[in-house]
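Presented below is the structure to which this report refers.
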Amino acid sequence: MQYIYRKYGRDRAALTAAVTTYRPRSALREAGKALGVDPAIVERVAKQHHWFDSRADLLQRFAEAGLDPDAPLNQQWAAFAAQLLGYPRHLSQHSGGFVISRGKLTRLVPVQNAKMVDRSIIQWDKDDIEALGILKIDVLALGMLSMVRRALDMISEKRGETFELQDIPAEDKATYDMLCDGDSMGVFQVESRAQMSMLPRLRPQCFYDLVIEVAIVRPGPVQGGMVHPFLRRRQGLEPVTFPSEGMEKALARTLGVPIFQEQVMQVAMLAAGFSAGEADQLRRAMAAWKRKGGLEPYVTGRRYGANAGSA
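Counting in this note's numbering, the sequence shown runs from -10 upward without gaps.
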C-alpha cells in the first residue's frame, strides 16, 4: 500500500472509507448504557446476540439471557437498540480499496488524513464511489503473501536451486491427506477453527474441493442452510437431484446446492427470468440486506425478462 502512495503521491491516491454501523451487540451496549442498565447485565444480554440477528430477534435474546422480555425497561431497551441498528457508528478505513486519480483527488472526493502515518482516506465508502462511477481498485495487503515468499526462499536455499509457486505440485495426495485430518494450522484460508472442523467432514481431494471448502464456511451458506445438504450429498447419504436440466448445468459441481454468488445469479436467471444485470442486482441486495434491506421485490416475485414465459 505504501508503494502506491509513494508512486502516485497522497494527493492522487487514497483508500476508501468503511462506514461501521450499529449491529445488535453494539446497539444493545450503547442503549443499555444510556438507560443506566447495570454493565454486567448489558454484557450478558449483548453476548447472547449474534451479528446477523434482526430487530425481531432482540426480545428473544433477552429471554435467553434470563431476563423478562415484557418488563418495561427491557422493552424500552430493545426498542432503542432496534432503532440504532444499521445507523453509522464511525468511519474507518477500507482494507484495500484504492482510488487513484490523474489530477488532485480532492477535486473529486473529500479526503482526510488517516490515523496511520503517511496514509489518506476518502470520506466516502465503496458504495458512494460506485454510485459516482469512480473506479476503485482492491489491493491485497496480506501478510501471508510475505510468508509464502519466505517459504519459497527457504526451500530454494535448502535445495540449492530456485523454487517458485509454479513448481509446487498441483494435486499432491500427501497434502490432501493432511488437510483431511484437519492438520491445517498456519495454512492460509483454512486455518480457522471453523475451517479445521469442516476439513475432516468435507474431505477435499482436489483443488476445486478446497475452493468449496473456503466458500462454504461463510455466513451466506451457513445461514442459508446449504452446508448440511451439501455434506450429506457429498457423503452419499442423500441423492443428488436437480429441479431441471438448466439447474443441473448451474449446480452440478456443487451437487445441486447453491454455494457461490455466481450460482445464485444463474438460478435467478433460470428460475425467474432475470437478465444478467438484474441477477447482479439481486446478488448485491443479498450481500447488503442485513444493513439496507431491499429484498422485498425479489421475495414477492419478479417474473419478467428473456425467460419470463418459463419462469
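Where a beta carbon is used, it is the ideal one built from N, C-alpha and C, also for glycine. These numbers were taken from a predicted model, which means no experiment stands behind them.
(Q) Check this for me: beta carbons of Leu17 and Ala35, under 9 Å apart or not? (A) The count along the sequence shown starts at 1 and reaches residue 17 at position 28. The count along the sequence shown starts at 1 and reaches residue 35 at position 46. Yes, the pair counts as a contact, with Cβ atoms nearer than the cut-off.
(Q) Do Ala276 and Glu267 have their beta-carbon atoms positioned less than 9 Å apart in this structure? (A) The residue you call residue 267 lines up with position 278 of the sequence shown. The residue you call residue 276 lines up with position 287 of the sequence shown. Their beta carbons are not under 9 Å apart, which means Glu267 does not touch Ala276 by this criterion.
Q) Is Gln65 closer than 9 Å to Pro58 when the C-beta atoms are compared? A) Position 69 of the sequence shown holds residue 58. Position 76 of the sequence shown holds residue 65. Contact flag unset, no.
(Q) In the DSSP assignment, the alpha helix (DSSP H) including Pro158 goes from what residue to what residue? (A) Here the question's residue 158 lines up with position 169 in the sequence shown. Per DSSP, Pro158 belongs to no alpha helix (DSSP H) and is neither H nor E.
Q) What number of angstroms, rounded off, separates the C-alpha of Gln250 from the C-alpha of Ala261? A) On the sequence shown, residue 250 is found 261 positions in, with the first residue counted as 1. On the sequence shown, residue 261 is found 272 positions in, with the first residue counted as 1. One alpha carbon belongs to Gln250, the other to Ala261, and they sit about 16 Å apart.
Q: Could you please give the first and the last residue of the uninterrupted beta strand (DSSP E) stretch that includes Ala257?
A: Walking along the sequence shown from the start, residue 257 turns up at place 268. Boundaries for Ala257: no beta strand (DSSP E) harbours it, while the alpha helix (DSSP H) harbouring it runs 250 to 261, taken from the DSSP string.
Q | N-terminal and C-terminal residue of the beta strand (DSSP E) that Ile89 is part of | A | The count along the sequence shown starts at 1 and reaches residue 89 at position 100. Going by DSSP, Ile89 is part of the beta strand (DSSP E) stretching over 77 to 89.
Q: Could you work out which residue in Leu24, Gly213, Ala103, Leu97 is closest to His83 when comparing CA atoms only?
A: For this step, residue 83 is matched to residue 94 along the sequence shown. Across the set Leu24, Gly213, Ala103, Leu97, the C-alpha of Ala103 shows the shortest separation from the C-alpha of His83.
Q | Under the three-state DSSP convention, the category Asp59 falls into | A | Counting from one through the sequence shown, the residue named residue 59 turns up at place 70. It is coil, neither helix nor strand.
(Q) If contact is defined by three or more beta carbon pairs under 8 Å, each pair taking one atom from either stretch, is the segment 4 to 13 in contact with the segment 79 to 94? (A) With the cut-off at 8 Å, the segment 79 to 94 and the segment 4 to 13 touch.
Q. With burial defined as no fewer than 16 other Cβ atoms inside 10 Å of the residue's Cβ, what is the status of Val100: buried or exposed?
A. Along the sequence shown, read from residue 1 onward, the residue named residue 100 stands at position 111. So Val100 counts as buried.
Q. Of the residues Gln37, Pro208, Gly214, Phe219, which one's Cα is nearest the Cα of Asp198?
A. By one-based count along the sequence shown, residue 198 stands at place 209. When each option's Cα is compared against that of Asp198, the closest is Phe219.
(Q) Suppose the cutoff is 6 Å on Cβ atoms and the five residues either side in sequence are ignored; what does the same chain contact list for Gly294 look like? (A) In the sequence shown, the residue the question calls residue 294 occupies position 305. Note that Gly294 scores a pLDDT of 43, beneath 50, so its modelled location is shaky and nothing firm can be said.
(Q) I want to know whether the segment 127 to 137 touches the segment 90 to 99 - three or more CB-CB distances under 8 Å. (A) Flag = no, the segment 127 to 137 and the segment 90 to 99 do not touch.
Q: Assign Ala3 to one of three DSSP states: helix, strand, or coil.
A: Locating residue 3 in the sequence shown gives position 14, counting from the first residue. Strand at Ala3.
**Q.** Reduced DSSP category for Gln224 - H, G, I as helix; E, B as strand; rest coil
**A.** Against the sequence shown, residue 224 aligns to sequence position 235. Coil at Gln224, not helix or strand.
**Q.** Spatial neighbours of Ala239 in its chain, beta-carbon cut-off 7 Å, leaving aside the 5 residues before and after
**A.** Taking the sequence shown and counting its residues from 1, one reaches residue 239 at position 250. The residues are Gln252, Gln255, Val256, Leu259.
Q | DSSP three-state assignment for Ile205, whether helix, strand or coil | A | Here residue 205 refers to the residue found at position 216 when the sequence shown is read from its first residue. Here DSSP, grouped into helix, strand and coil, assigns Ile205 to helix.
Q) Candidates Val229, Glu202, Pro210, Phe196: which alpha carbon is nearest Ser186's? A) The count along the sequence shown starts at 1 and reaches residue 186 at position 197. Nearest C-alpha to Ser186: Glu202.
Q. How long is the line joining the alpha carbons of His38 and Ala54, rounded to whole angstroms?
A. Here residue 38 refers to the residue found at position 49 of the sequence shown. Here residue 54 refers to the residue found at position 65 of the sequence shown. Annotation: His38 to Ala54 spans about 10 Å, alpha carbon to alpha carbon.
Q: Would you check if the distance between the CB atom of Ser90 and the CB atom of Arg(-1) is smaller than 9 Å?
A: On the sequence shown, residue 90 is found 101 positions in, with the first residue counted as 1. On the sequence shown, residue -1 is found 10 positions in, with the first residue counted as 1. No; because the gap between Cβ atoms is not below 9 Å, this pair is not in contact.
**Q.** Ser186: first and last residue of the uninterrupted alpha helix (DSSP H) it sits in
**A.** For the purposes of this step, residue 186 is taken as residue 197 along the sequence shown, with counting starting at 1. The continuous alpha helix (DSSP H) containing Ser186 extends over residues 182 to 191.
Q | Rounded C-alpha distance that separates Gln224 from Ser233 | A | Translated into the one-based positions of the sequence shown, residue 224 becomes position 235. Translated into the one-based positions of the sequence shown, residue 233 becomes position 244. Their Cα atoms are separated by approximately 23 Å.
Q. What are the start and end residues of the alpha helix (DSSP H) that includes Val98?
A. What you label residue 98 is simply residue 109 of the sequence shown in a count that begins at 1. Boundaries cannot be given for Val98, as no alpha helix (DSSP H) includes it and DSSP labels it neither H nor E.
**Q.** Length of the line joining the Cα atoms of Asp156 and Cys169
**A.** In the sequence shown, counting from the first residue as 1, residue 156 sits at position 167. In the sequence shown, counting from the first residue as 1, residue 169 sits at position 180. So the two alpha carbons sit approximately 23 Å from each other.
Q: Could you tell me if the beta carbon of Leu259 falls within a distance shorter than 8 Å of some heavy atom in the ligand MG?
A: Because no ligand of any kind appears in the structure shown, any question about the ligand MG cannot be addressed here.
Q.
Need the endpoints of the alpha helix (DSSP H) that Gln(-9) sits in, please.
A. Reading the sequence shown from its first residue, position 2 is the one you call residue -9. Start and end: -9 to -3.
Q. Closest by CA to Leu47, which one among Ser109, Arg14, Ile110?
A. Here residue 47 corresponds to residue number 58 of the sequence shown, with the count starting at 1. Nearest of Ser109, Arg14, Ile110 to Leu47, Cα basis: Arg14.
Q.
Quick check: what's the CA-CA separation for Thr151 versus Val206?
A. Position 162 of the sequence shown holds residue 151. Position 217 of the sequence shown holds residue 206. Straight through space, the alpha carbons of Val206 and Thr151 are spaced by roughly 35 Å.
Q | Neighbourhood of Arg33 by C-beta, 7 Å cutoff - its chain only, sequence neighbours within 5 removed | A | Position 44 of the sequence shown, counted from the first residue, corresponds to residue 33. So the qualifying residues of the chain are Ala54.
(Q) For Leu244 and Leu62, what's the separation of their Cα atoms in angstroms? (A) To locate residue 244, count along the sequence shown from 1; it is residue 255. To locate residue 62, count along the sequence shown from 1; it is residue 73. When the Cα atoms are used, Leu244 and Leu62 turn out to be separated by approximately 50 Å.
Q. Going by other Cβ atoms of all chains shown within 10 Å of its Cβ, with 16 needed for buried, is Ile111 buried or exposed?
A. As a first step, residue 111 must be located in the sequence shown, where it is residue number 122. The residue in question, Ile111, is buried, as its Cβ has 16 or more Cβ neighbours within 10 Å.
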